Amino acid sequence: MTVTEAPAIELSAGATDFGGRIRDGRLVPEVIRRDFPIFGTQVHGQPLVFLDSASTSQKPEAVIDALDAYYREYTANVHRGIYEIGERSTASYEAARASVARFINAPDSHEVIFTRNATEAINLVAYAWGRKNIVPGDAIVLTEMEHHANLVPWQLLAQEKDGDLEFIPITDDGILRQDVYEVLLRLKPKLVAFTHVSNTLGTINPVREMIEAAHAAGALVLIDGAQAVPHVPVDVQAIGADFYAFSGHKMLGPTGSGVLWARRELLEAMPPFMAGGDMIREVHLRRSEWNDIPWKFEAGTPDIAAGIGLGAAAEYLGQLGMDRVREHERELLIYAFAALEREHPDVVLYGPMDPDIRCGVIPFNVPGVHPHDVAQVLDRSGVAVRAGHHCTMPLHERLDLPATARASFNVYTTQGDVDTLIEGLREVKRIFGAA
Amino acid sequence: MDDLYRDYILEHYRRPHNFGVLDNATATQEGANPLCGDRITLQVRVVGDQIAAVGFTGRGCAISQASASLLTDEVKGKEVDAAAAMKASDVLDLLGIEISPARMKCALLSLETLQGALGPAETNS
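Below, the structure is given as structure tokens:
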């Protein structure tokens, strides 16, 4: 099977303007948001201020058009059709895979497996790799800041295989305790699995150093990159990961798109995760032979449109440039910290306050007001924030918090959005009579 | 006037009625809304077939706290069967505000917990 390469995009740092979206090497979110039709939407008669991108991101025209074109012009299954639109759908789907591979600097696009989301990617590893390799007494090292998606699959595996889960604790500021990690590595774990960027606190973990330490102790490493790939440059080869899982829908791609990247030799040694069509080479009544990677792990008709849309999202982000995306969100974080400190000194913030080790995720609480009520009042100003435990119940327990409200950024987030949040918080305090 | 956060709702949130631990409870039930982290512990003291006392502790949003405050006021002195037969609409009437689908669980947590405390299978959990 051949993989069609998508046309390379000319990208030289600083040279491109990308239609005004980049000026003097910096993103211009006011221009970028014109690519996102949703910002024409009003909520409660107000323009939408979407500060819940850590949950899912909005979609640019380029992604929506890619979905639309597939459904309108060349809907056909992949890897089957000996007819023109079938060949086009296969070529587009595989070109999208190549785009995603380039985006994370995977050495080989066949190492990119399309899944529904990061959760499915992690489950794939827990089932296909974990059930083959984990034996009673084996240790798996996780952290206290994991999203449930990178915790519960390992709980199931440990229960089934009588394995042992160990957790790297965090400081009160939400930073992983490297001193304890060193101690845990003496247990000679088979696997270390942790998040690249915390979805709740925004902490950027030192993945490269931690992976190096794990390898020195003989462990493989799975990184949950769901909050990293949309916000920081990710180079799976440079950080040295063994498995890297992420979602497409948080990186401007469609829902139903996600990725597992893993080193070829690991994938080739793993048994299939799900069985059915497309993942086989030969099927006899009593036995079958598996297809090559990545198709061995993509049983059944995939979400073809979502895969193609994800490729478009990777190309779009690639044109913006992930270094610039990171810098945009870092500056916005500094702006928001300053505005909150100035206008709402009583609002409690969580997570590391050093913007150099943090993404644009701000969990907070207004004293005396439940996060649900904060979110409800903000909604009436058109501001969408998340309220709850953000799928990190153990982390909230560790910080002794029943819940938090959370504002999070993306490429289309402006300082004006932060200003509207600041105004909305005034209204929260007015209604609840807080200080 | 605010259509959701009316003064009496906020008043019940700030100073909930029947908030506290009963030292002679005949049943205790815990309830939680895992989505938003709300937790409530609700206790009743049943004498004969009537609710003699009711109390709750826990933390939650304005809607869940006001609902617990209003509901515990309502069922005090009520017959157990009548309290156990209360419906979601009864609690929404007590609240007297428009509850959106996303907040329904907040509004009904106290009723679910009360009925757990009154139900034979789940008492004294």
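Protein chains in written order, with the numbering used here: chain A, 1 to 435; chain B, 436 to 560. C-beta atoms are modelled at their ideal positions from N, C-alpha and C, and glycine is treated no differently. Remember, it's a predicted structure, so these values are computed and weren't measured experimentally.
Check	Outcome
At least 3 beta-carbon pairs within less than 8 Å: the region 290-302 of chain A vs the region 201-220 of chain A	no
Of the listed residues A:49, A:30, A:38, nearest to residue 381 (chain A) (C-alpha basis)	A:49
Any non-hydrogen atom of the ligand ZN closer than 7 Å to residue 266 (chain A) Cβ	The ligand ZN is not part of the structure shown, which contains no ligands of any sort.
Boundaries (first-last residue) of the beta strand (DSSP E) holding residue 473 (chain B)	473-482
Local conformation of residue 534 (chain B) per DSSP, three classes	coil
Cα-Cα separation, residue 197 (chain A) to residue 275 (chain A)	32 Å
Element boundaries [alpha helix (DSSP H), containing residue 460 (chain B)]	Neither: residue 460 (chain B) is in no alpha helix (DSSP H) and is coded neither H nor E.
Contact set for residue 503 (chain B): own chain, Cβ-Cβ below 7 Å, skip 5 residues either direction	451, 475, 491, 545
Any C-beta of chain A under 8 Å from that of residue 480 (chain B)	no
Entirely enclosed alpha helix (DSSP H) segments - the region 124-193 of chain A, minimum 4 residues	152-161, 178-185
Under 8 Å between C-beta atoms of residue 317 (chain A) and residue 252 (chain A)	yes
Exposed unless 16 or more other CB atoms sit within 10 angstroms - verdict on residue 7 (chain A)	Confidence is the limiting factor: at residue 7 (chain A) the pLDDT is only 46, short of 50, which leaves the residue's position unreliable, though a coordinate-based value still follows. Exposed.
3-residue-minimum beta strand (DSSP E) runs that sit fully inside the region 198-282 of chain A, ordered along the chain	220-224, 243-247, 258-262
Where the beta strand (DSSP E) through residue 363 (chain A) begins and ends	361-365
CA-to-CA distance, residue 263 (chain A) to residue 123 (chain A), given in whole angstroms	17 Å
Burial state of residue 433 (chain A) (16 or more Cβ within 10 Å)	exposed
Min CB distance residue 436 (chain B) to chain A below 8 Å	Any reading at residue 436 (chain B) is ruled out, since the residue's pLDDT is 44, under 50, leaving its predicted position unreliable.
Minimum Cβ-Cβ distance from residue 403 (chain A) to chain B less than 8 Å	yes
Contacting positions in the region 487-511 of chain B - beta carbon closer than 7 Å to chain A	494, 495, 496, 497
Three-state secondary structure (DSSP) of residue 488 (chain B)	strand
Cross-strand partners of residue 467 (chain B) (DSSP beta bridge)	B:474
Chain-ordered chain A contacts of residue 440 (chain B) [CB-CB under 9 Å]	373, 376, 377, 431, 432
Short CB-CB distance (under 8 Å) between residue 384 (chain A) and chain B	no
DSSP-derived helix/strand/coil call for residue 23 (chain A)	strand
In DSSP terms, what residue 52 (chain A) is bridged to	A:408
Reduced DSSP secondary structure (H/G/I, E/B, other) of residue 386 (chain A)	strand
Residue 450 (chain B) at chain C interface by Cβ criterion, 8 Å	No chain C appears in the structure shown, which is made up of the protein chains A and B.
Beta-carbon proximity check, residue 226 (chain A) vs residue 185 (chain A), cutoff 8 Å	no
Member of A:32, A:47, A:53 whose CA lies at the smallest distance from the CA of residue 361 (chain A)	A:53
Spatial distance of residue 473 (chain B) from residue 538 (chain B) (CA atoms)	12 Å
Close beta carbons around residue 74 (chain A), own chain, < 7 Å, minus the five adjacent residues each side	85, 88, 89
Extent of the continuous beta strand (DSSP E) run through residue 289 (chain A)	288-290
Anticipated Cβ contact below 8 Å, residue 51 (chain A) with residue 408 (chain A), distance rounded	6 Å
For residue 556 (chain B), three-class secondary structure by DSSP	Note on residue 556 (chain B): pLDDT 44, under 50, position unreliable in the model; the coordinate value appears next. Of the three classes helix, strand and coil, the one that applies to residue 556 (chain B) here is coil, per DSSP.
Status (buried if at least 16 other CB within 10 Å, exposed otherwise) for residue 324 (chain A)	buried
Contact with chain B by residue 388 (chain A), beta-carbon distance below 8 Å	yes
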